[in-house]
Structure formats: structure tokens, C-alpha cells
Ligand SMILES: C[S@@+](CC[C@H](N)C(=O)[O-])C[C@H]1O[C@@H](n2cnc3c(N)ncnc32)[C@H](O)[C@@H]1O
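Residue numbers (this note's numbering): 57 to 309.
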């Protein structure tokens, strides 16, 4: 683990995020992004189901055999997936890395400090909900960029990410970092709707066979993949949803 420059409300900063970077980052927008993501904490109660369950169903069979693992989620948002792993593997060291301080602050308050979080989604026609968090002693959150991870090479047993790859400025650099920090035979579980924002990314990373070739060129061995991991993200109390058709890859170093 590399040293951090400073910390704010329990969140170590491994990247010195400038004022301009904060201003330009949509994931720092509290009401638009953090509140919406926080609904995932209480999704089961709110929607009667966990919309990301299809991701867990695809990923679960590839989780580590070892009880003591190093598990890293990149672009963890408010931390629900990595918290699920931290609970499943209490002897493991788990890290959630994200580039948004606001997301990490919420993740840390809920999963590490055990604070009660009130979630106001009244603008979506929902009643206010609150939920008590948990105090997971093996879970840590830190601010860093996927393209420059603060971990030693060959240090992680499992690396995860969902809805991240198509948001990276340089996806290949991010994938190379994931490869660098994984232990030999360590696995990467990558889930992405491939909803790229730049024409050049569509050319390089699409279709999935092209992304598979890039993973192989980096050195990964493809173990499993599925191009229809469907996530129906609820939008409001009327039942409107966004349907994400995700590609899931499991690859090994
Ligand atoms: C669409 S959200 C997905 C959050 C969560 N993984 C999920 O599936 O609900 C994308 C997340 O990736 C983070 N992110 C975007 N670019 C990043 C980067 N270069 N390095 C680390 N995190 C990044 C954002 O701050 C945001 O929390």
C-alpha cells in the first residue's frame, strides 16, 4: 500500500484532487449522484429487490476459495458490492477505491462508521427512508484513480469493478493497473454496460470480442464471460426503469 497525501473525514487521498477536478466531476454532485447511489443501501426495502443482483449471480461463482484474501473494488461508489464481500470474507482485507470524495464519504459513514443514513428520494415520489449502517472492521475506503492504483504489484487476490470501464478516460491504462496489482492467478471481475461516451472508445473497445483481445494482450486469461447481465435500475415510484445490458468478464492473471 502506498502512502496517502492527506485524509478528510476518514478518507485517505492517494491522489491530490485539485479544485478544478472536484468541480468537473459529476460524481461529486451530492443530490444528483450520491443520493441516487445511496438508494442501493436500502434497495431491497425500497424496490422489493436488489437491482444489481444479476451482477452478484454472475460474479459469485468466481469469488476466492481462500478465507484470507485481499479484495479490491475500483469505482466502488457508495460501497455496497465491496461491503458484501467484506461481510462474506471477515478475515480478508477489503478496499473500495473511487475518485469521488462524496461517494467515499457516504460509503465510509455507512459501512465503516455505522451511521444511520436518511435517504430523501421525495423528488422521485418516494417516502423518506433511513437505515442504520454497519461497522465492518476489514473494510477501507480511499480516493485514487483507477489509472494509478495505490497498491503494490502482485498484492490482490480479487479485483472487481462495475459500471466503471466506460467512464474511464483511458480504459487500457485502468486495465493494466488492475493487472499490475493482481497476484499471479488472481482474478478480475469486470462488469460494464459498455455505454462509452467517446467515439474513439467505441472503436477500440467494441464489440466485446475486441475488448477480450485487449485483455489478452495485457496478459489476462479469459475464464468466463456473459454479454447479457441485465440490470434494471429503478428511477421512480411509478416503476420507470433504465435497462442496462452489461457485459461481464472474469479474467485471470
Ligand atoms: C456509474 S458509477 C458506478 C458505481 C458502482 N460501481 C456501481 O456499480 O453502482 C461510476 C463510479 O466510478 C467512479 N469513477 C469514475 N472515474 C473513475 C476513475 N478514473 N477512478 C476511480 N473511480 C472512478 C465514480 O466516481 C463513480 O463512483
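Just so you know, even glycine gets a beta-carbon here, dropped at the ideal spot from N, CA and C.
Outcome for residue i when other beta-carbon atoms lying within 10 angstroms are tallied against a minimum of 16
i: residue 59; result: exposed
i: residue 206; result: buried
i: residue 299; result: exposed
i: residue 227; result: buried
i: residue 297; result: exposed
i: residue 62; result: exposed
i: residue 224; result: buried
i: residue 278; result: exposed
i: residue 243; result: buried
i: residue 255; result: exposed
i: residue 174; result: exposed
i: residue 146; result: exposed
i: residue 230; result: buried
i: residue 263; result: exposed
Residue i to residue j span [Cα, whole Å]
i: residue 295; j: residue 65; result: 36 Å
i: residue 232; j: residue 272; result: 11 Å
i: residue 93; j: residue 122; result: 30 Å
i: residue 91; j: residue 97; result: 10 Å
i: residue 245; j: residue 266; result: 17 Å
i: residue 237; j: residue 187; result: 34 Å
i: residue 85; j: residue 156; result: 9 Å
i: residue 270; j: residue 193; result: 37 Å
i: residue 201; j: residue 185; result: 32 Å
i: residue 164; j: residue 99; result: 18 Å
i: residue 189; j: residue 133; result: 16 Å
i: residue 209; j: residue 57; result: 9 Å
i: residue 235; j: residue 181; result: 43 Å
i: residue 211; j: residue 261; result: 27 Å
i: residue 222; j: residue 113; result: 22 Å
i: residue 79; j: residue 131; result: 18 Å
i: residue 291; j: residue 87; result: 14 Å
i: residue 258; j: residue 203; result: 19 Å
i: residue 144; j: residue 172; result: 22 Å
i: residue 220; j: residue 115; result: 16 Å
i: residue 170; j: residue 274; result: 39 Å
i: residue 107; j: residue 117; result: 19 Å
Proximal residues to residue i (C-beta, below 6 Å), its chain only, five neighbours per side dropped
i: residue 276; result: 307
i: residue 216; result: 129 and 245
i: residue 70; result: 60, 198, 200 and 206
Residue(s) in a DSSP beta bridge with residue i
i: residue 292; result: Beta-bridge pairing links residue 292 to no other residue.
i: residue 266; result: Residue 266 is not bridged to any residue.
i: residue 216; result: 129 and 245
i: residue 174; result: 186
i: residue 199; result: 69 and 154
i: residue 308; result: 243 and 277
i: residue 63; result: 68
i: residue 228; result: Per DSSP, none; premise fails for residue 228.
Contact set for residue i: own chain, Cβ-Cβ below 7 Å, skip 5 residues either direction
i: residue 89; result: 82 and 83
i: residue 241; result: 308 and 309
i: residue 213; result: 120, 122, 125, 126, 127, 239 and 242
i: residue 95; result: 102, 175 and 177
i: residue 109; result: none
i: residue 67; result: 157, 160, 161, 164, 197, 198 and 199
i: residue 289; result: 107, 297, 298 and 300
Contacting residues, own chain, Cβ-Cβ under 8 Å from residue i (five flanking each side not counted)
i: residue 111; result: 137, 218, 247, 285, 287, 302 and 304
i: residue 142; result: 127, 148, 150, 167, 192, 194 and 195
i: residue 268; result: 278, 281 and 305
i: residue 293; result: 180, 181 and 182
Sufficient close CB pairs (3 or more, under 8 Å) joining the stretch 72-83 to the stretch 244-254: These segments do not touch.
Segment contact flag, the stretch 187-205 with the stretch 103-122, C-beta cutoff 8 Å, min 3 pairs: The stretch 187-205 makes no contact with the stretch 103-122, as fewer than three CB pairs between them are under 8 Å.
Contact between the stretch 120-138 and the stretch 147-161 (3+ Cβ pairs under 8 Å): Touching, yes.
Contact the stretch 157-176 vs the stretch 275-294: 3+ CB pairs below 8 Å: Taking a cut-off of 8 Å on C-beta distances, the stretch 157-176 does not touch the stretch 275-294, as fewer than three cross pairs fall below it.
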